[in-house]
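Okay, structure first, notes after.
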Amino acid sequence: MSTAAAFSTNEPLPPNNDPPQPPSSLTTLPTDLMLNILARVTRYHHPVLSRVSKKFRSLVRSSELRMTRSLQGNEDSFYVCLGDFNSPSLTYHWFTLDQSRLVSILFPPPREQHSTALMIGHEIYLVGGHDIHRTPCKSMSIIDSRSGELRQGPSMRVARRHAAVGLVDEKIYVFGGGQHDEHNYNMQVEVFDTKKQTWDVAPNPEVDFKDISMSVVSRSLDRKIYAKNDTHVVVYDPRNGKCEKIDLPDWGFYCIKSMCEIENVIYIYCYHVGLMWYDSKKLEWRAVKGVKLGGWFLCRTTMVEYNGKLAFLRERENNGKTDIWCSMIALEWGWNALEIVGKVEWSHPILSVPQAYQIVHCLGRPYY
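To convert, note that position 129 of the sequence shown is 492 in this note's numbering; the numbers rise steadily by one, no gaps.
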């Protein structure tokens, strides 16, 4: 008999006498045990988990999960660095959010002025900047947010100030940051491997990164970096340097400098049209429903992700002082999954400082 004939036999298979196995599913576990398991899953995967079932979606968005993450030491945090611009040497002061108030923390000040900041896990990376003579620097400093200790990292190949930085796969990409009298806005892109602690070159973008300065979404989407200038968003692919352009809403007029990414959606605020999100399927900006943030025209404003919510910070003068206001905004998809609905959970001043103080850095911790 040939081999082919041997495998084409019509003899019946022996019966399977093994007892049927019960279906295996996390949803059959007690809620407390599910919370403990989900708390160990990085929030990067929460959007996927939300699509598994209604129970998963409810748990992922629950305050109980945030409490469990906090008990395990996985709670998110954000940090604000204020600069005293009346100080001859531009002194810095660090704060963190604690029960809807900013409280002072003893972080060492940045060694250089106007460095670009990025947070990865518990570490704050301060890239480039300039010295007291306004000479760009190659240096990089790293602050451990748990111990408050500062260490010096490896130097870049090129001196930069006001550089733009982005994060892909725990690698920091650095763009531009040259002096205005030099044609080096398109200077070589560098990449820092946070695991190996080494610098290397990366593919240069196909478009001019001029005027893109410290305005990059900290965590990548689809392994691409989203950077903003006055009129559009540039989407840079670090694998080959290819770029796309996204026009800003309202032609970019009066849009704040910062962008914010929450659960794979980019948000931006424009004074004339309000809080917007980018629909990557329809390739258009849409207004976030239910959120009114009026009355802050031309105030210095920034945004940061905090526990899956959007913290909207702005400065406001008040009788010779500056009040730092924060609005905490919860965001969720509408019933038809074609709109995002926001709810302002609270909004009030979280710190009062001398008038010369300004927000220099506002950092959320990317969720790996």
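For glycine and all other residues, C-beta sits at the position ideal for the given N, C-alpha and C.
- Rounded to the nearest whole angstrom, the C-alpha separation of L714 and F441 is 15 Å.
- Rounded to the nearest angstrom, the gap between the Cα atoms of C444 and L412 is 34 Å.
- Using a C-beta cut-off of 8 Å, the segment 584 to 592 makes no contact with the segment 693 to 711, since fewer than three inter-stretch Cβ pairs fall below that distance.
- Selection L434, L392, M430 evaluated against F419 yields L392 as nearest (Cα-Cα).
- Contact between the segment 520 to 529 and the segment 490 to 510 is established, with three or more Cβ pairs separated by less than 8 Å.
- With 16 or more other Cβ atoms from the protein chains shown falling within 10 Å of its own Cβ, L726 counts as buried.
- Its chain contains G446, D447, Q476 as the residues whose beta carbon lies nearer than 8 Å to that of L453, once the 5 sequence neighbours on both sides are disregarded; these appear in chain order.
- Taking L460 as reference, the option from T685, E668, K684 with the minimal CA-CA separation is E668.
- Assignment of beta-bridge partners to H724 by DSSP yields C444.
- E486 and S510 have their C-alpha atoms some 10 Å from each other.
- With a cutoff of 7 Å on beta-carbon distance, Y641 and I629 are scored as near each other.
- Here the C-alpha atom of G671 lies approximately 18 Å from the C-alpha atom of R464.
- For S710, the secondary structure class from DSSP, reduced to helix, strand or coil, is strand.
- In this model, K684 and E678 are separated by some 10 Å (Cα to Cα).
- In this structure, K587 sits away from V597, with a CB-CB distance that is not shorter than 7 Å.
- Looking at the DSSP output, G529 sits in a beta bridge with Y536.
- Residue environment for E708: exposed (fewer than 16 other C-beta atoms within 10 angstroms of its C-beta).
- One Cα belongs to V716, the other to S416, and the distance between them is close to 46 Å.
- 7 Å or more divides the Cβ of K652 from the Cβ of E607.
- Per DSSP, the unbroken alpha helix (DSSP H) holding S421 starts and ends at 417 to 423.
- The three-state reading of DSSP puts W562 in strand, counting E and B together.
- In this structure, L676 places its C-beta atom within 7 Å of the C-beta atom of C689.
- Taking 7 Å as the cut-off, the Cβ atoms of S518 and S502 count as close.
- In this structure, DSSP gives P612 a helical state, which the three-state scheme calls helix.
- Ranked by Cα distance from E647, the first of E626, Y634, W614 is W614.
- Here S643 carries a coil assignment [DSSP, helix/strand/coil].
- Apart from the 5 residues on each side of it in sequence, E569 sits with its Cβ closer than 8 Å to the Cβ of G604, K605, C606 in its chain, given in chain order.
- The DSSP-derived three-state label of I495 is coil.
- The three-state reading of DSSP puts N567 in coil, since its state is none of H, G, I, E or B.
- Nearest Cα to G484 within the set G705, L656, T557: T557.
- The shortest C-alpha to C-alpha distance from L656 to any of G539, C633, S643, K644 is the one to C633.
- Within the DSSP bridge table, the entry for R649 names W640 as partners.
- For V667, the pairing in a beta bridge is given by DSSP as A674.
- The beta carbons of M666 and S621 sit about 5 Å from each other, so the pair counts as a contact at 8 Å.
- CA-to-CA, the gap between G705 and T498 works out to about 44 Å.
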